[in-house]
Structure formats: structure tokens, C-alpha cells
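A short worksheet on the structure shown next.
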Amino acid sequence: MKINAVSIRPGNVLEHKNKLWAVTKIQHTQPGKGGAYMQVEMKDIKSGTKLNERFRSAEDVERVRLDQKNYQYLYMDGDLLTLMDPDSYEQVSVTKELVGEPIVYLKDGMMISVESYEGKPVSATLPETAVQEVAEADPVVKGQTAASSYKPAVLDNGVRVLVPPFIATGDKIVVRTADSTYVERAK
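In terms of this note's numbering, the sequence shown opens at residue 1 and continues consecutively.
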């Protein structure tokens, strides 16, 4: 579907130079001389390479519609994740690279959102947050609670995060899967 360059938003997937690109950043620029343009930073969905491209405001670009479906994670076999469609019980396999770094939060039975283009998976996304147990946490230093300081902790999956001083070893916390940051204590 053709859209005007001014309508480009982060998260859109564009077909440009016979490749699929995910838009990561945009900047609308109105120079003193000449026409306005959009400075767009894009990432190739397949290879992960980045591209900075300028589109004139009046220019049309091809926006791609991706099919999105939720699958349940079953198991990992080498570099492949086996997922199941909860409606039809059909199993599909996707590579670990589609998930990326957040794969450390993957647990049995977790729901994963898979985006595909013409039947071929192009990205897989874990839920926004995950509940993890704190395996190691430094003890609280007396007098440190007055300032809003964070201390390092290691989760049960080996990931290091910064947590508030009141979090202790054995506590369950909610962590943002995209950047491994502390959200709150699990309820």
C-alpha cells in the first residue's frame, strides 16, 4: 500500500530497493531553502543492516502489511524455536535470530507474537514484560536508601539488572524484556 513519506512512523515496514525495512527513527526536516524531507533510519529485516534514507515530503513509499499471529512456545531444538498455533495446534519453527537478545526471557508456554510477510516469518516478539526470580542481590548499604539508588542483581536466567535497594535474593520481579530493566516487584 502506497503512503506519503510524511505518514512514515517508527515500527512501519517499508519495501525499498527490493528489501523489507523496519523503520526505527524518523525526523521531519524543513530546510530554509528547498523542500521539506523525511530523514528515515531503517533496519533490514533479514540481515539487520541499517540504512539512512531521505524521502521528499511529496514522495510516496510502499508500506508493507505484515500478518501477525500469536503462538505458544513449546521447545528449542538447536537454533530453531518450535511454536504452536493455539487455535489449530499446528506447529511452526522459527530461528532464534528472529527473537534476538530478549530470548533469555523465553519460558515454556510463553506466548510469542510472530509477524510474517507472504507466509514467511520476519520477526518474533516476546511479551513486553516477564517475571523472573532474583538469584543474587547485594545487601542494602545503610544510609543508601535516602537517595534513589539502584543496586546490581543477577536473575535466575543469568541476566544482570539494576534493582531498588529493597529487592532481596529470592524475590520475584517484573523485567522489561526489550532492554532488561526493572519494572516492579511481582505481585
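We treat Cβ as the ideally placed atom computed from N, Cα and C, and that holds for glycine.
- Contiguous beta strand (DSSP E) elements confined to the segment 65 to 105 occur at 67 to 77, 80 to 84, 91 to 95, taking only those with 3 or more residues.
- Considered as a whole, the segment 104 to 168 harbours 111 to 117, 120 to 125, 129 to 137, 151 to 155, 160 to 163 as its complete beta strand (DSSP E) runs of no fewer than 3 residues, in chain order.
- By the Cβ test, the segment 67 to 76 is not in contact with the segment 42 to 51, since fewer than three Cβ pairs between them sit closer than 8 Å.
- Short of 8 Å from the beta carbon of P121, and not among the five residues preceding or following it, lie these beta carbons of its own chain, in chain order: V92, V94, L98, V114, E115.
- DSSP places A58 in the coil class of the three-state scheme, outside both helix and strand.
- For the pair A135 and V154, the CB atoms are nearer than the 7 Å cut-off.
- With respect to the 7 Å criterion, N12 and R54 are not classified as neighbours on the basis of their beta carbons.
- For K2, the enclosing beta strand (DSSP E) has its first and last residue at 2 to 4.
- In this structure, the straight-line span from the alpha carbon of I173 to that of E133 is close to 6 Å.
- Checking the DSSP bridge columns, you'll see I173 partnered with Q132, R185.
- Bounds of any beta strand (DSSP E) do not take in T49, whose DSSP letter is neither H nor E.
- For L126, the closest alpha carbon among the candidates V140, Y117, K107 is that of K107.
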